[in-house]
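Q: Sharing a structure, written as structure tokens. Questions coming.
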Amino acid sequence: MKAPKRAELVKTAQALFAKEGFKGVSVDRLVQTAGVAKMTLYKGFRTKDELILETLRQRDRTLRNWFMREVETASTDPKARLLACFDALQVWASKPDFNGCYFVSALSEYAQESDPAHRAAKEHKRMMLDYLIKLCTEAKLSDPEDVARDLRLLMEGASASKLTLNQTDSFERAKRMAGLLLDAAASHA
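Dropping the structure here:
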């Protein structure tokens with residue numbers, strides 16, 4: 543499969559999976575929406591699961607690179623960067639096609655830890671947590687790993703509140719709570 547067709551197929555699949563779920567989208571629906579033949583899909587991917595895995599990998603690269611760039615350019619101060627995480631996620635969640643976290647969806651649809659889609663989604667979450675631990679360490683906070691886990695919980699909760707309750711200020715509220723958490727962690731460092 544030529545690179546442009548492959549990229550378009552992955553992009554189309556990612557949009558469909560985000561909106562309708564991974565298991566809810568048939569191969570027929572994929573090829574029809576992408577405007578390609580089934581044979582074209584199977585030249586690039588042996589199975590639908592292989593395509594799903596590629597969408598997870600691509601989404602991970604795109605989201606992590608964008609997120610880290612947003613955070614790193616927001617400030618040189620590590621604490622301000624931690625708070626900027628919430629601003630970046632607010633931008634992401636404000637997009638009209640926001641349907642919650644792609645990786646949480648994958649984890650819920652592929653609950654078996656042995657499933658490659660589950661492992662890929664879990665790896666994304668781990669890498670994001672590692673990034674927060676790095677920022678917490680740079681901010682010289684007490685117990686950086688514990689603080690990073692608390693921040694991650696606030697981020698996940700804000701994302702869920704935005705999706706389930708359409709709570710438009712969920713990231714702003716989470717950012718305020720994060721500020722209190724960071725102040726407390728800085729005073730104990």
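Okay, so the sequence shown: first residue is 543 according to my numbering, each after it adds one. Don't be surprised by glycine CBs; every beta carbon is placed ideally from N, CA and C. Because the structure is a prediction, the values reported are computed rather than measured.
#1: Counting Cβ pairs closer than 8 Å, one from the segment 635-642 and one from the segment 705-719, do we hit at least three?
#2: For the alpha helix (DSSP H) that Gln-600 lies in, which residues bound it at each end?
#3: Do you know how far the Cα of Thr-706 is from the Cα of Val-569?
#4: Would you kindly work out how many angstroms separate the C-alpha atoms of Ala-545 and Tyr-644, rounded to a whole number?
#5: From Ala-616 to Tyr-673, what does the alpha carbon distance come to, in whole angstroms?
#6: Would you decide whether Asp-725 is buried or exposed? Buried here means 16 or more other CB atoms lie within 10 Å of its CB.
#7: Buried or exposed for Phe-559, going by 16 or more other Cβ atoms inside 10 Å?
#8: Considering just the uninterrupted stretch of the alpha helix (DSSP H) at Tyr-673, what are its terminal residues?
#9: Please name the residue in Cys-678, Gln-600 and Phe-640 whose C-alpha comes closest to that of Asp-692.
A: Inspection of the coordinates gives the following:
#1: Segments in contact, yes.
#2: That run of the alpha helix (DSSP H) goes 590-616.
#3: 28 Å
#4: 24 Å
#5: 15 Å
#6: exposed
#7: buried
#8: 658-680
#9: Cys-678
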